[in-house]
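Residue numbering for the sequence shown follows our numbering, beginning at 4 and increasing consecutively.
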Amino acid sequence: MTTTDDLPAVPEAGDETVAHGAASGQPERVAFGRNPRHFGIDPGEPWPDDVPKDQDDTHWRFENDPAGARRAELKIAFCWTLTVLASIALAIVYIDGANTQAAGICWGIAFLGLGIGMLMWARDLLPGHEVTASRGHHDVCAEVDRIAVAESLSRGTEPMARRPFLFKMMGAVGGIFGLATIFPLASLGPRPHTDLYKTDWTGGVRALNEDGNPIRPGDIPVNGILTVFPEVDGQPSTDALSPTLLINVGDAPFKIPPSRTGWNIGGLVAFSKICTHAGCPASLYNVQTHQLICPCHQSTFDVLDDCNPVFGPASRSLPQLPIGTDAEGYVIATEGYQEAVGPGFWNRG
Ligand code: FES
C-alpha cells in the first residue's frame with residue numbers, strides 16, 4: 004500500500020529536474036518547474052493520494068523529436084495551404100456565377116484543411132494530457148491560489164508561441180478564409196428594401212375570391228370565413244403576403260380599438276391570413292370560440308380581441324385590414340395594411 008512516505012516530495016517552483024524513478028536507469032517524466040499549487044497542493048505538504056505523482060501537463064508528442072515536430076509542422080502547413088487555395092477558389096467560384104456544387108466542394112476542402120491542421124497541432128505539438136488536481140481544501144480561495152491558476156492558464160499560450168511559423172500562418176489562413184466567407188453573402192440576393200412591409204392591398208382595391216370574383220358583405224354568412232385576395236389587373240393577386248381572411252362574427256362582442264373605428268363592415272372583419280409566427284396560413288376557424296388556429300404550430304388568435312395570440316409560438320396579432328364597400332357594394336380595402344404582415348418580427352419593438 005502506498006503511503007505518503009513513498010511519494011515524492013513536491014517539486015518547488017523553479018526546479019528543472021526531478022528524477023523520480025531515475026534509479027532504475029529510466030528517468031520518469033514528472034512535473035518540473037511548476038508551482039505545486041497548479042495541482043492544488045500546498046508547498047511543503049506531502050503529495051496527496053488523489054493526485055497521480057508522475058503526471059505532467061507539459062509533455063507533448065514530439066517534445067523529444069525535433070524532426071518529428073518539424074514534419075508535423077509541415078503537415079499542418081500543407082493542410083492550411085489547402086484551406087487558403089480552397090478559399091481563393093471559393094471567391095473565384097462566386098465571382099464566376101456561384102456554382103453551388105463547386106462552392107460546396109471549396110467549402111468542404113477549406114473547412115477540412117483548417118480542421119485537420121488544428122487537430123494535428125493540438126495532437127502533436129501541444130500538451131494534451133488530463134491533469135488531476137487535488138481536491139484540496141474548500142476554503143475561501145486564497146490570493147496565492149488565484150495567482151497559481153492564472154499562471155497555469157497563461158502557461159497554455161507558451162506552446163503556441165513556440166511555433167511562430169504556424170502562429171503566423173494561422174493568422175494568414177484565418178484572414179484569407181475569413182475574407183472568403185464574405186462572398187456567400189452574395190447568395191442572399193437583392194435587398195428587399197420595403198417590400199417585406201408591403202402587400203398589394205391599397206385603398207380602393209377590391210377583394211376577390213380565388214375564382215377572381217368580387218365579394219359582397221352578404222356573401223359571407225354569420226360565422227362564415229373566406230380567403231380573399233387584392234385585385235390586380237382584374238385577377239386575384241399572387242403576392243404571398245396578401246391572402247386575407249374575411250370573417251363574419253355576426254353579433255359577437257367584437258373589441259374594436261379606437262384607432263380602428265370603421266375598419267369593419269358590421270360583423271365582417273378582415274385579418275391577414277399569414278401567421279405571424281412563421282408564415283403558414285392561419286385558416287382553421289373555431290366558430291364556438293371565434294379563434295383562428297394556425298395548423299403549423301397551433302398558434303391561436305382571438306378574432307374578437309384584435310386577433311391577439313392566445314396560444315402557441317406566435318407573439319403578435321394578425322394585422323387587420325381596414326375594409327369598406329365601393330359604389331357597387333363590393334368589399335374593398337379602404338387602406339393597405341398598417342403594419343408588417345407575416346413573420347416580420349424585425350419591424351416590431
Ligand atoms: S407558422 Fe403559425 S404557428 Fe407557426
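Each residue gets a CB set at the ideal place from its N, CA and C atoms; glycine is no exception.
Being a predicted model, the structure only gives us computed values, none of them experimental.
Reference residue i, options the options, closest by Cα
{"i": "Arg319", "options": "Gly207, Ser137 and Ala343", "result": "Ala343"}
{"i": "Leu115", "options": "Ala75, Thr86 and Thr337", "result": "Thr86"}
{"i": "Thr61", "options": "Ala92, Val134 and Gly345", "result": "Val134"}
{"i": "Phe186", "options": "Pro69, Ala89, Glu66 and Pro46", "result": "Ala89"}
{"i": "Phe314", "options": "His300, Pro325 and Asp68", "result": "His300"}
{"i": "Ala65", "options": "Cys82, Met123, Lys56 and Ile108", "result": "In the sequence under discussion, the amino acid at residue 65 is Phe, which differs from the Ala named in the question. Comparing Cα positions, the closest option is Met123."}
{"i": "Val209", "options": "Gly178, Thr230 and Asn67", "result": "Sequence inspection shows Arg at residue 209; the Val mentioned does not correspond to that position. Cα-wise, what sits closest to Arg209 is Thr230."}
{"i": "Tyr340", "options": "Tyr97, Ala101, Lys78 and Gly207", "result": "Gly207"}
{"i": "Ile218", "options": "Pro239, Thr279, Thr160 and Gly111", "result": "Pro239"}
{"i": "His280", "options": "Pro346, Ile296, Val235 and Asp68", "result": "Pro346"}
{"i": "Val235", "options": "Val306, Gly178 and Asn216", "result": "Asn216"}
{"i": "Leu271", "options": "Ile228, Pro312, Asp53 and Cys278", "result": "Ile228"}
{"i": "Ile112", "options": "Phe180, Val225, Asp254 and Tyr288", "result": "Phe180"}
{"i": "Val334", "options": "Asp222, Leu182 and Lys78", "result": "Asp222"}
{"i": "Leu307", "options": "Ala164, Tyr288 and Val152", "result": "Tyr288"}
{"i": "Leu249", "options": "Leu169, Val225, Thr103 and Ile79", "result": "Val225"}
{"i": "Thr184", "options": "Ala101, Ile277 and Asp59", "result": "Ala101"}
N-terminal and C-terminal residue of the beta strand (DSSP E) that residue i is part of
{"i": "Ser275", "result": "Leu271 to Ser275"}
{"i": "Asp148", "result": "Careful: Asp148 lies outside any beta strand (DSSP E), inside the alpha helix (DSSP H) at Glu146 to Ser157."}
{"i": "Thr303", "result": "Thr303 to Asp305"}
{"i": "Ile250", "result": "Thr247 to Asn251"}
{"i": "Ile296", "result": "Gln294 to Ile296"}
{"i": "Thr103", "result": "Premise fails: Thr103 lies in the alpha helix (DSSP H), Thr103 to Met123, not in any beta strand (DSSP E)."}
{"i": "Phe232", "result": "Ile228 to Val235"}
{"i": "Phe314", "result": "Asn311 to Phe314"}
{"i": "Ala164", "result": "Where Ala164 is concerned, there is no enclosing beta strand (DSSP E), although the alpha helix (DSSP H) it sits in stretches over Glu161 to Ala164."}
{"i": "Ile326", "result": "Ile326 to Thr328"}
{"i": "Ala336", "result": "Val334 to Ala336"}
{"i": "Asn289", "result": "Leu287 to Asn289"}
Rounded distance between the beta-carbons of residue j and residue i, thought under 8 Å
{"i": "Phe274", "j": "Pro322", "result": "7 Å"}
{"i": "Trp63", "j": "Gly120", "result": "No, Trp63 and Gly120 are not in contact; Cβ-Cβ is about 16 Å, not under 8 Å."}
{"i": "Thr355", "j": "Leu324", "result": "What is shown of the chain runs 4 to 352, which leaves residue 355 out entirely."}
{"i": "Ile268", "j": "Pro220", "result": "5 Å"}
{"i": "Phe304", "j": "Gln294", "result": "6 Å"}
Rounded straight-line distance, which links the Cα of residue j to that of residue i
{"i": "Pro49", "j": "Ile150", "result": "21 Å"}
{"i": "Ala106", "j": "Glu76", "result": "28 Å"}
{"i": "Trp266", "j": "Arg194", "result": "33 Å"}
{"i": "Leu244", "j": "Thr337", "result": "18 Å"}
{"i": "Ala70", "j": "Met172", "result": "20 Å"}
{"i": "Cys310", "j": "Lys201", "result": "20 Å"}
{"i": "Leu129", "j": "Pro46", "result": "27 Å"}
{"i": "Asp99", "j": "Ala189", "result": "12 Å"}
{"i": "Leu211", "j": "Leu191", "result": "33 Å"}
{"i": "Phe81", "j": "Ala285", "result": "55 Å"}
{"i": "Pro162", "j": "Ala136", "result": "21 Å"}
{"i": "Val33", "j": "Lys56", "result": "Residue placement at Val33 is flagged as unreliable, the pLDDT there being 46, under the threshold of 50; a coordinate-derived value is accordingly withheld."}
{"i": "His23", "j": "Ala94", "result": "Note that His23 scores a pLDDT of 39, beneath 50, so its modelled location is shaky and nothing firm can be said."}
{"i": "Arg74", "j": "Ser302", "result": "60 Å"}
{"i": "Ser155", "j": "Asp198", "result": "56 Å"}
{"i": "Ile91", "j": "Trp110", "result": "11 Å"}
{"i": "Gln29", "j": "Asn67", "result": "For Gln29, the predicted model reports a pLDDT of 44, less than 50, meaning its position is unreliable and no value from the coordinates is stated."}
{"i": "Pro2", "j": "Asp214", "result": "Past the boundaries of the shown model lies residue 2; the chain is included only from 4 to 352, so the question cannot be answered."}
{"i": "Cys283", "j": "Ala317", "result": "11 Å"}
{"i": "Asp148", "j": "Ser157", "result": "14 Å"}
{"i": "Val54", "j": "Ala125", "result": "24 Å"}
Any C-beta of chain C under 9 Å from that of residue i
{"i": "Gly227", "result": "In summary, chain C is missing from the structure at hand, where a single protein chain is found."}
Cβ neighbour criterion (16 or more within 10 Å) applied to residue i
{"i": "Ile44", "result": "buried"}
{"i": "Ala175", "result": "exposed"}
{"i": "His132", "result": "exposed"}
{"i": "Leu117", "result": "buried"}
{"i": "Asn251", "result": "buried"}
{"i": "Leu182", "result": "exposed"}
Opening and closing residue of the alpha helix (DSSP H) in which residue i lies
{"i": "Pro69", "result": "Pro69 to Ile98"}
{"i": "Gly178", "result": "Pro167 to Ala183"}
| query | Residues near the ligand MN, CB to any non-hydrogen atom under 7 Å, in chain order? | reply | This structure does not include the ligand MN; its bound ligands are the ligand FES.
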